[in-house]
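A.B. asks: Counting in numbering that gives the first Met the number 0, the sequence shown tops out at residue 147, every number present.
All C-beta atoms, glycine included, are put in the ideal place defined by N, C-alpha and C.
Sharing a structure, written as structure tokens. Questions coming.
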Amino acid sequence: MPDRDTAARPVPSRKPCLTAVLRMAGLRPTRQRVALAELLFAGPHRHVSAEQLHGEASAADVNVSLATIYNTLHQFHEAGLLREVAIDASRSYFDTDTSDHHHFYVEDEQRMIDIPAEAVEFKALPKTPDGMEVSHVDVVIRVRRAQA
């Protein structure tokens with residue numbers, strides 16, 4: 000049974016910590032960036048689209064445009080705070096887990112499920128073009144509910 004005193008305490012804001020993280024990533028911690036970082040990194044690792052984050056921001060009374068959310072997600076990605084997983088030319092998800100791993104994309108539900116990196120094996124990768132090296136490999140396996 001949870002301690003009543005512990006349960007009644009307010010959850011402390013992570014703003015000072017997130018402000019430092021943004022600064023260390025080379026980003027100015029604007030009010031909107033900090034608010035979006037709180038929404039993104041408040042819980043366990045997850046995958047989020049710009050539209051989903053916009054809905055969460057609206058529900059949390061964070062006044063931010065969809066264009067600003069797109070820009071911020073791309074800035075966080077460029078700074079190494081998020082991993083972008085492109086599903087097709089018009090749809091990307093942003094993953095708060097930047098470690099090496101792969102994904103199932105559940106088409107009927109438009110959601111992603113992590114696959115541990117060691118669960119996918121490659122016999123070989125193609126030779127890279129001259130002067131290039133592999134930075135990482137993204138595997139997205141599309142799945143849907145089996146037809147009965």
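Might you give, ordered along the chain, the residues of its own chain that have their beta carbon closer than 7 Å to the beta carbon of R141, omitting 5 neighbours on each side?
C.D. replies: Y104 and E106
A.B. asks: Identify, in the order they occur along the chain, each residue of the same chain with its Cβ nearer than 8 Å to the Cβ of V33, setting aside the five sequence neighbours on each side.
C.D. replies: Contacts found: K14, L17, T18 and L21.
A.B. asks: By DSSP, does R45 sit in helix, in strand, or in coil?
C.D. replies: coil
A.B. asks: Applying the 10 Å Cβ sphere with the 16-neighbour rule, what's the burial state of I68?
C.D. replies: buried
A.B. asks: Considering only the alpha carbon of each residue, which of S48, G79, S89 and I86 lies closest to M23?
C.D. replies: G79
A.B. asks: Straight-line CA distance for K57 to E77?
C.D. replies: Before going further, note that residue 57 is Ser rather than Lys in the sequence given. Each residue's alpha carbon lies about 25 Å from the other.
A.B. asks: Who does S91 pair with in a DSSP beta bridge?
C.D. replies: The beta-bridge partner set that DSSP reports for S91 consists of A85.
A.B. asks: Let's see if you can read the secondary structure: which residues bound the beta strand (DSSP E) around V136?
C.D. replies: Counting along the chain, V136 falls outside any beta strand (DSSP E), and DSSP gives it neither H nor E.
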